[in-house]
Amino acid sequence: MRRKVMLAAVLLGTTALIGGCDQIKRAVGGGEVAVTESEFPEKVLWGDTHLHTANSVDAFGFGVRLGPEEALRFARGEEITSTTGVKAKLSRPLDFLVITDHAEGLGATKALYDAPRMLITDPTMRRWYDMMHEGPEGSQRAMAEILDARGRNDLPAAMMGQADAAERTKSVWNSSIDTVEDYNEPGKFTAFFGFEYTLMQGGNNLHRNIIFRDGPDKVRTVVPIDPTYKATPDEIWNYMEAYEKSTGGRVLAIPHNSNLSNGLMFELTQPGGGPMTAEYAKRRARLEPVVEITQIKGDSEAHPFLSPNDEFAGFGVAGWEISNLLGNQPKTQNMFAGEYVREALKRGLLLEAQMGVNPYKFGLIGSTDSHTALSTADEDQFFGKHSGNEPNPARVMQGQNLGTRQGRFGWHYLASGYAAVWAKANTRAAIFDAMQRREVYASTGPRMTVRFFGGWDFKADDLKGDWVRAGYQRGVPMGGELKPGAKGAPSFIVSALKDPIGANLDRVQVVKGWVDKNGKAQEKVFDVVWSDAAKRKPVGGKLPAVGDTVDVATASYKNTIGAATLNTVWTDPEFDPSVRAFYYLRVLEIPTPSWPAYDAVRFKLKLPPEVRVKQQERAYTSPIWYSPTKA
Amino acid sequence: MSGWKDRAAGLLREPLVHFLAAGALVFVVLSGRPPDAGERRIVVDEAVVTGIVNRYVQAFRRPPTPAELDGLISDHVRTEVYYREALRLGLDQDDEVVRKRMRNKMLAIAGAEAEAAQPSDADLQALLDKDPARYALPPRYTLEQRYIGADNAANRARAGADVAALNAGRTAGLAQEPLPLPGRFVDAPAFDLATQFGDDFAAALAKAPVGQWFGPVSSGFGLHVIRVEQRAQPPQPRLAEIRQRLENDWRAAAVRKAEDAHLKELLEGYDVVIERPE
């Protein structure tokens, strides 16, 4: 059952077409494909775990008319015509895709748009309906109003009609399941089932993406659920546990945009206050093994307020650090600690010290959160957050305020990011399992290959042999836990390789966090291997900058600085076996032009000075944790 | 005789006829009776009343009371009168909302058939035969690669010397730069090598000799010397092996084609004149 049939069915007021099509589909069927998993992950897989299509209430309102089918074709490397009529094609296909349309009001805006006008009795909805039909601009104004009403919990009752909504959700969900299944090709391209659970408290972002490991037989037994107005994730966790119990399947949740939660995503307390319970921490760690650290609406790794000694903190925070998601509550500095991932990892250690469980022991991925049905994270090929900012001359400076007066502009959007997964095969099961064991990393766009192993006896000489095998045999990969009890300090195999069609690498850093003897969380960033080492010597503990070959006037750069690959074995010089710690890698590229710079060339723009025209793109690996042996 | 045929054919190309036919189709499906803006008779038959009741139930979760139904029917009559009078006055003409709605309905009609249609094996085979390159499986390589380093004159010279040495069976003293990719690939499809090394590297493999060291070959990382041990071209996949992919492509193309053809057919009945301001 497909998009157009649905549309026709809605327009023509009949469901006969739908039933007929379903049967044909089942009769054709597809055979089982056997894909064998390798002994250990050999090739990193790239994907997007966060993409919206016309089935998302806001994406449709913002104008997108492409559905799951176009999204899948695009991710697989086909050329697609975007909603605004621009041809779009990825420089390279992705290996997997999770379409995560908002559960809340799944298909609702589209249904409103498609409905016979005379059936819309609510005057507000009728006004939105007319605005949407006026064209893209009217549609975006309507959407801003709808989101605003949603934030105020003031949507027209008719739009929230529970029975209709349930019916619509089910029909859109089933339709999307068929499409996703058609495009899933084990071994070559994996299409997951998933949805976004848009949990919000006021305008504070507590959103999660829900991803299923299973096929349509199991996933079809459930439908996406809407969040209520409670600010806790209990209900989605109940839903996930019930699904696993009733089907024997597996499902996980990925929180995102902690940077827009106004301090609520990674709290030290139970949501709503009071000490966090071990039960809550255990559930969270089990059901949410991965966090989306970077995406179009900013990067959540580290904020300069929290990490004043980290010269590279604050990537992509401009515009997003002023308020929560909907811009209806300004942000204060005391909120940052609950929003940024490095701090959350530290809080996890603190909480573990208190109650024996770490709720924030998660891996890291990036994804786009694009609302255009197009997963674009390349600076020179960025299709924007939503269809209103697909490539056009005005988009860099356009206000992006979701109906508020806060100062967010088009250029604050990042062309970021993708999820890198060390899976043993390109299948739903293998990719899911890699996420579950946190053997994943985040990139702000470029496809760098990054390996990270922790152990107790790695030596520089290991790099001369089959060090990947050694990494797995004598250590743990990213996302793992160092086994306690060994003597000496832990050593790490660190390896980064540039994107084969991208920029050279500046440096690789180890970010370490720990809880000191006084029970205080600490952090430190170590430069462990860098390019042009003969010329670049640390001065006063600080490594000189790699240089800058960006020519903004032509939006270009040269790989005359930096290195193609950086590899080392690093031993923690400050290791204290008695304190718990984590280590993750941050890999920096040399400076490259950002998407506004490419736009400036394409559309002959003169950009105001505040616009970011270049940047150092980066990758963040999942951490490796160390816990002292229990006395 | 032929005059009649010509006239009929001409009539079939007439956009107004298409418009009326499509409009009639929409209306027939919606309400079960044909529209006629000129007709001065409004019949509220059983089918219409059932439709009114159903919509009410959908909205309010209960059937209307007799009094409410009377009200709904008289409202329907009022709508019908206004609708017909509005059409008579041409009020639909300059209304963007009406125009977009009509356009969407036409598109849905054009694409729906293709969406629901099921391709025959012959259709899929034709698709496969038409563009064999698209469906061809990539060549698979078993190869060794040694990374020499950045692309510069010194490394190019070194690569040449290394190739000579390796082909003469000498490996002693040949340095390799570390590269976090495997040194040996077994039966790896070309697209996997392309995503890991870049397209140029994969393209060079196609021309490399088999069984001996060769290079330098450029990748996204610099220079390599390589030895292709085996190059295997898998046979063209059969329909049954890639049925789903062919079906996906067939359907996407069929919908596009149906929409395009429909539009083209309609456009043929129009002279489109565009006068841009200077």
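Each protein sequence line maps, in turn, to chains A and B.
If you count the first sequence from 1, position 575 lands on 575 in this note's numbering, and the numbers rise without skipping.
Whatever position you read off the second sequence (first residue = 1), add 631 for this note's numbering.
Glycine included, each C-beta is placed from N, C-alpha and C at the ideal position.
Item	Value
Flag residue 812 of chain B as yes if its beta-carbon sits less than 9 angstroms from any beta-carbon of chain A, otherwise no.	yes
Does the beta-carbon of residue 374 of chain A have 16 or more other beta-carbons within 10 angstroms, so that it is buried, or is it exposed?	buried
To which residues of the same chain is residue 816 of chain B closer than 6 angstroms at the C-beta, ignoring the five residues directly before and after it?	774
Which chain B residues sit within Cβ distance under 9 angstroms of residue 567 of chain A?	809, 810 and 811
According to DSSP, which residues form a beta bridge with residue 200 of chain A?	A/205
So if I threshold CB-CB distances at 8 angstroms, which residues from the region 497-508 of chain A count as touching chain B?	497, 498, 499, 500, 501 and 502
Counting pairs of beta carbons, one from the region 584-600 of chain A and one from the region 543-558 of chain A, are three or more of them closer than 8 angstroms?	yes
What residues of chain A sit near residue 823 of chain B, judged by a beta carbon separation below 7 angstroms?	43
Could you tell me whether the region 189-205 of chain A touches the region 434-442 of chain A, using the rule of 3 or more Cβ pairs below 8 angstroms?	no
Once DSSP output is grouped into helix, strand and coil, what is the label at residue 385 of chain A?	coil
Could you tell me which residues DSSP pairs with residue 477 of chain A in its beta bridges?	A/453
Looking at residue 851 of chain B: is its Cβ nearer than 9 angstroms to the Cβ of residue 166 of chain A?	no
Going by other Cβ atoms of all chains shown within 10 Å of its Cβ, with 16 needed for buried, is residue 899 of chain B buried or exposed?	exposed
Grab me the residues of residue 140 of chain A's own chain with a C-beta within less than 6 angstroms of its C-beta, minus the 5 sequence neighbours each way, in chain order.	62 and 388
Can you tell me which residues form a DSSP beta bridge with residue 81 of chain A?	A/87
In chain B, which residues lie less than 8 angstroms from residue 580 of chain A when you measure between Cβ atoms?	Within chain B, no residue comes near residue 580 of chain A; the closest Cβ sits about 29 angstroms away, beyond 8 angstroms.
Going along chain A, which residues have a C-beta under 8 angstroms from residue 852 of chain B?	497, 498, 500, 564 and 565
Anything in the region 62-75 of chain A with a Cβ closer than 9 angstroms to a Cβ of chain B? List those residues in chain order, please.	69, 70, 72 and 73
Quick one: list the residues of chain B neighbouring residue 716 of chain A, beta-carbon separation under 8 angstroms, in chain order.	The structure shown does not extend to residue 716 of chain A, since chain A is modelled only from 1 through 631, so no value can be given for it.
Just how far apart, CA to CA, sit residue 410 of chain A and residue 37 of chain A?	43 angstroms
So, does the region 261-275 of chain A touch the region 327-347 of chain A, judging by three or more C-beta pairs under 8 angstroms?	yes
So, is the C-beta of residue 883 of chain B closer than 9 angstroms to a C-beta in chain A?	yes
For the 8 angstroms Cβ check, are there 3 or more pairs between the region 767-787 of chain B and the region 855-869 of chain B?	yes
Below 6 angstroms CB to CB, which residues in the same chain sit around residue 128 of chain A once its five sequence neighbours on both sides are set aside?	142
Can you name the residues of chain A whose CB is closer than 9 angstroms to the CB of residue 761 of chain B?	Result: empty, since nearest Cβ-Cβ is about 16 angstroms, beyond 9 angstroms.
Which residue from A/121, A/398 and A/501 puts its Cα closest to that of residue 825 of chain B?	A/501
What does a CB cutoff of less than 7 angstroms around residue 57 of chain A pick up in its chain, not counting 5 residues either side in sequence?	102, 104, 105, 108 and 109
At a CB-CB cut-off below 8 angstroms, which residues of chain B make contact with residue 449 of chain A?	811, 812 and 827
For residue 761 of chain B and residue 280 of chain A, I'd like the C-alpha separation in whole angstroms.	58 angstroms
Between which two residues does the alpha helix (DSSP H) containing residue 899 of chain B stretch?	874-899
Thinking just about the alpha-carbon of each residue, which of B/906, B/907, B/887 and B/895 is nearest to the one in residue 745 of chain B?	B/887
Output yes if chain B places a C-beta closer than 9 angstroms to the C-beta of residue 168 of chain A; else output no.	no
Are the CB atoms of residue 529 of chain A and residue 467 of chain A within a distance shorter than 9 angstroms?	no
Less than 9 angstroms between the beta carbons of residue 454 of chain A and residue 413 of chain A, yes or no?	no
Taking the alpha helix (DSSP H) that residue 245 of chain A belongs to, which residues open and close that run?	234-247
Would you report the Cα separation of residue 177 of chain A and residue 193 of chain A, rounded to the nearest angstrom?	7 angstroms
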